[in-house]
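Counting in the numbering used here, the sequence shown runs without a single skipped number right up to 592 at its last residue.
All remarks here apply to the structure that follows.
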Amino acid sequence: MGYNNVKMEKEPIYGDFLNGGDTMPEKTAAQKKAQQRYMEKFAVARVRMSREEYEQVQAHAAAQGESVNGFITRAIHNQIERDNATDCPREGIQGPEED
494 MGYNNVKMEK EPIYGDFLNG GDTMPEKTAA QKKAQQRYME KFAVARVRMS
544 REEYEQVQAH AAAQGESVNG FITRAIHNQI ERDNATDCPR EGIQGPEED
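Put into structure tokens, the structure is as follows:
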């Protein structure tokens, strides 16, 4: 909450949105530019899994206190560390066929 400079009373910055309203205020040009610069730092990887698998991942991530994205990122980093710690490459092993 921000402060009204005249009355020095708390007033909501985002209006009705934080109080259960439907709309967020329009982003300023500076906010849009900052978000674009932030998002340019990332690549997007899509992962397909059954709904049941996703729900299992989602429940596990929540139990660990992290997001699904955070859990998947951590799992990938852990697997890379394990793969790099072993001397035997996984040649000839294929994943599920593409659709």
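Ideal Cβ positions, reconstructed from N, Cα and C, are used throughout, including at glycine.
None of these values were measured; they are calculated from a predicted model.
Rounded C-alpha distance that separates residue i from residue j
i	j	result
I569	R530	25 Å
E533	H553	29 Å
Y579	I573	A quick correction: the sequence has Thr, not Tyr, at residue 579. Each residue's alpha carbon lies about 10 Å from the other.
M517	N571	38 Å
R544	R575	28 Å
D515	N577	48 Å
R567	G558	13 Å
A522	E546	40 Å
Run of the alpha helix (DSSP H) containing residue i, from where it starts to where it stops
i	result
A522	522 to 532
G558	No alpha helix (DSSP H) contains G558, which DSSP labels as neither H nor E.
Distance between beta carbons of residue j and residue i, contact taken as under 8 Å
i	j	result
V630	I565	Since the first residue shown for the chain is 494 and the last is 592, residue 630 is missing from the structure and cannot be characterised.
V561	Q551	5 Å
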